[in-house]
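Going down the list, the sequences are from chains A and B. According to the working numbering, the first sequence is numbered sequentially starting from -1. According to the working numbering, the second sequence is numbered sequentially starting from 649. Heads up, the thing below is written out as structure tokens.
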Amino acid sequence: QKEVEQDPGPLSVPEGAIVSLNCTYSNSAFQYFMWYRQYSRKGPELLMYTYSSGNKEDGRFTAQVDKSSKYISLFIRDSQPSDSATYLCAAPMNYGGSQGNLIFGKGTKLSVKP
Amino acid sequence: NAGVTQTPKFRVLKTGQSMTLLCAQDMNHEYMYWYRQDPGMGLRLIHYSVGEGTTAKGEVPDGYNVSRLKKQNFLLGLESAAPSQTSVYFCASRPRTGGIGIQYFGAGTRLSVL
């Protein structure tokens, strides 16, 4: 079992819908969590960064971490066609020489239809 | 704003040929990474470097070698290419301090090995 699991989708929603993207993780030592967005034929770019439990909001995006259930979520409100991309969750290792190395989920491909 | 630049963008090799992928960053970052991305597998770490002159193995290092002779450059070498190395390769970098897990990615190199 990978330390970070993510349903690869694909997920297709109509414009304006609320999107929920989810990951689970197995390592209880993870303290930070990231969401990266990757447009087709581009490199990933950091979208959201959260620490520990709770919510973080940035415009139409909300990142949520539930440490008790080891669950990471990204919500997109009023989704737009420009949100169509692959979303990858990630957590950095925090031990030994691998500190800072990212463990990525497989990514969920999202398509927002006009 | 160049950021992380990867060359070449595309390459086709025959089995057994060798090649070197170049990653250059202009952000004075200490850490650099090479990933490969395959359908259904997500991003997997090949090798990484925590500073000039140092390299370390990641999750899938076999068949690859790396060098970090200059702080701004990180080279990934394939000595004898195999079809299993057909993939999209991404380079990333991050500073030593200022947000563990925040990595900056290049646009990728698409490699096909026939």
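A virtual CB, placed ideally from N, CA and C, is assigned to each residue, including glycine. This one's a predicted model, so the numbers in the text were calculated from it and none came from an experiment.
Would you list the one or two residues that DSSP bridges to lysine 54/A?
Residue 54/A sits at position 56 when you count from the first residue of the first sequence. According to DSSP, which records beta bridges pairwise, lysine 54/A is partnered with Ala61/A.
Give me the chain B residues within the contact set of tyrosine 30/A, using Cβ-Cβ distance strictly less than 7 Å, ordered along the chain.
Reading the first sequence from its first residue, position 32 is the one you call residue 30/A. Near tyrosine 30/A (Cβ distances below 7 Å), the residues of chain B are Ile748 and Gly749.
Does the structure place the stretch 5 to 13 of chain A close enough to the stretch 39 to 56 of chain A that three or more beta carbon pairs sit under 8 Å?
Judged by Cβ distances under 8 Å, the stretch 39 to 56 of chain A makes no contact with the stretch 5 to 13 of chain A, as fewer than three pairs qualify.
Would you please state the rounded distance, in angstroms, between the beta carbons of tyrosine 85/A and threonine 60/A? I believe it to be under 8 Å.
For the purposes of this step, residue 85/A is taken as the residue at position 87 of the first sequence. For the purposes of this step, residue 60/A is taken as the residue at position 62 of the first sequence. So it is not a contact: roughly 13 Å between Cβ atoms.
Could you tell me the alpha carbon to alpha carbon distance between valine 2/A and alanine 89/A, rounded to whole angstroms?
Taking the first sequence and counting its residues from 1, one reaches residue 2/A at position 4. Taking the first sequence and counting its residues from 1, one reaches residue 89/A at position 91. So the alpha carbons of these two residues sit roughly 8 Å apart.
For a contact defined as C-beta to C-beta under 9 Å, what are the partners of glycine 688/B on chain A?
The residue labelled residue 688/B in the question sits at position 40 within the second sequence. In chain order: Pro6 and Lys104.
Verify the contact flag: cysteine 87/A, CB atom, against every heavy atom of the ligand FMN, threshold strictly below 7 Å.
With respect to the ligand FMN, the structure offers nothing, as it holds no ligand at all.
Mind checking if asparagine 99/A is an interface residue toward chain B, Cβ cutoff 8 Å exclusive?
Translated into the one-based positions of the first sequence, residue 99/A becomes position 101. With 8 Å as the cut-off, asparagine 99/A counts as an interface residue toward chain B.
Looking at the structure shown, is proline 768/B part of a helix, part of a strand, or coil, going by DSSP?
Because chain B in this structure spans residues 649 to 762, residue 768/B falls outside the shown range and cannot be described.
What's the C-alpha gap between leucine 100/A and tyrosine 34/A?
Taking the first residue of the first sequence as 1, we reach residue 100/A at position 102. Taking the first residue of the first sequence as 1, we reach residue 34/A at position 36. So the alpha carbons of these two residues sit roughly 11 Å apart.
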